[in-house]
Ligand SMILES: C[S@@+](CC[C@H](N)C(=O)[O-])C[C@H]1O[C@@H](n2cnc3c(N)ncnc32)[C@H](O)[C@@H]1O
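Put into C-alpha cells, the structure is as follows:
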C-alpha cells in the first residue's frame, strides 16, 4: 500500500462493496435465471466513493473502476478480491478493468491481452460469445438486452440494418424474430468475425444475413447508390471514433444529425430507426432531419439491473420515417 493511512479506508470500502453486491446478486440471480439470462449488472457506482461497476458473466466477474487520478493501484484488486470472496468466484474468473471516460473512449476497442479465449453466455433463448480477457468491453452490452427484445418483436419479414453492429447481438435477435434479411455493418474486422461466430452459434444462416466490414458513412453512401432500403434499423454509435492515426473523425454531439440524415436516406417510408447513445451529456438535435416522429424511449429500454440514480447507461430514441 503506497499510503498506509489508506488501508483501513480501502478495507472498509471493499467490505461495503462486497455486501452490496451480495445483496443484489441474491435478489437478481433467480429472477434472471427464470429468463435464462446469466449476464447482468450487480453494482454501478451506487456508493459515491466506490467508483466502480460490477458485472456477472455466467460465473465470471468483470469489475471496472471509473478511473480517477486519486486512486492507487491497490484499490481495484482489493475490491475484486472482496467481491470474489463473498460470491465464491475463483480468482481466475475475476477480470479487473480501468475505464476512462471521455475522448479516450476510442481506446476502449484496443486490446489489453491476447488470449483469444471466449466463452458462451445466455440471453433468453440466444447465446453469445464473450471475452472478458482481451478488451475493456467483453463483446456483449447487457444494458440493451430489452431493446434487442423489442427489435426482435418488430423484425418479422423486415429488412433490418444494424449500424456499428459490434458483435452482432441486435442482428441475431432480428434474425430470430423472422427478419427477411439482416445487414450488419462495423469497420472492425474483429467485430465482424465475432458477429459471424455469434450468428453461427445461434443457428442463423449466412444467406440473407450480410456482414459488412466498412465505415458507416462509406456504407451509407454505397447503399444509397445501390438503391438499398430498409424497414428497421439500429444505430448505436460510439461517442467518439478516431482514425488509425488518432484523428477525431466522429463526435456524437456534433455529428449525430449528419449520421441520422444519412440513415434516413436508406430507410423505406414508414420504417423505424432505433438510435442509442451512451454519451452522458448528449443533447439531441433531431427536429429538422425529416423523421415524422422521434420519441425518447429510454425508460422502456433500461433494464432493472441498470436503473441508477447516478447516471443513465444509455439513452434511446425510436424514430419513425
Ligand atoms: C458501442 S459499440 C456498438 C455496440 C453494438 N451496437 C451492440 O449492440 O453491441 C461501437 C462499435 O462501433 C464500431 N465503429 C466505430 N467507428 C466506426 C465507424 N466509423 N464505422 C463503422 N463502425 C464503427 C466499433 O468497431 C464498435 O464495434
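In the numbering used here, the protein residues as written are 4 to 324. Glycine is no exception: its CB is placed at the ideal position from the N, C-alpha and C atoms.
The beta carbons of residue 182 and residue 158 sit closer together than 7 Å. Rounded to the nearest whole angstrom, the C-alpha separation of residue 75 and residue 62 is 27 Å.
Secondary structure in the region 163-203: the beta strand (DSSP E) runs of 3 residues or longer, each lying completely within the stretch, are 184-189 in chain order. Cβ contact annotation for residue 186 (same chain, cutoff 6 Å, sequence separation greater than five): 164, 213, in chain order. In this structure the region 200-211 does not lie against the region 245-252, because fewer than three pairs of beta carbons, one per stretch, are closer than 8 Å. In the structure shown, residue 261 adopts helical secondary structure according to DSSP, grouped into three states. Between the alpha carbons of residue 99 and residue 285 lies a gap of roughly 28 Å. Burial check for residue 121: the Cβ neighbour count within 10 Å reaches 16 or more, so the residue is buried. Of the candidates 166, 151, 30, the residue whose Cα lies closest to the Cα of residue 173 is 151.
Each of 51, 43, 20, 34 was checked against the Cα of residue 312, and the nearest Cα belongs to 51. The C-alpha of residue 223 is placed about 16 Å away from the C-alpha of residue 274. For residue 59, the CB contacts under 6 Å within the same chain, skipping 5 residues up- and downstream, are 43, 45 in chain order.
Using a 10 angstroms sphere on the CB of residue 310, the tally of other CB atoms stays under 16, which defines it as exposed. For the options 84, 49, 91, 137, the alpha carbon positioned closest to that of residue 69 is the one of 49. Ranked by Cα distance from residue 141, the options 169, 287, 299 are led by 169. One thing to note: residue 304 has its Cβ within 7 Å of the Cβ of residue 149. When secondary structure is reduced to three states using DSSP, residue 77 falls in the coil class, being assigned neither helix nor strand. Remark: the C-beta of residue 131 is outside contact range of ligand 1, defined as less than 6 Å to any heavy atom. In this structure, 101 is the residue among 101, 35, 153 with its C-alpha nearest to the C-alpha of residue 135. The DSSP-derived three-state label of residue 293 is coil. Taking 6 Å as the cut-off, the C-beta of residue 35 does not count as close to any heavy atom of ligand 1. The alpha carbon of residue 77 has as its nearest neighbour, out of 194, 260, 9, 37, the alpha carbon of 9. Classified as exposed, residue 30 has fewer than 16 neighbouring CB atoms from the shown chains inside 10 Å of its CB.
Leaving aside the five residues that flank residue 298 on each side, the residues in its chain whose CB is nearer than 7 Å to its CB run, in chain order, 320, 321. For residue 236, the three-state secondary structure derived from DSSP is strand.
With a cutoff of 7 Å on beta-carbon distance, residue 66 and residue 20 are scored as not near each other.
Looking at the DSSP output, residue 101 sits in a beta bridge with 68.
Burial check for residue 123: the Cβ neighbour count within 10 Å stays below 16, so the residue is exposed. A distance below 7 Å separates the beta carbons of residue 231 and residue 269.
In this chain, residue 47 is not harboured by any alpha helix (DSSP H); it is covered by the beta strand (DSSP E) spanning 42-47. Beta-bridge partners assigned by DSSP to residue 279: 319.
The beta carbon of residue 219 sits closer than 6 Å to at least one heavy atom of ligand 1.
Distances taken from the Cβ of residue 254 to the heavy atoms of ligand 1 include none shorter than 6 Å.
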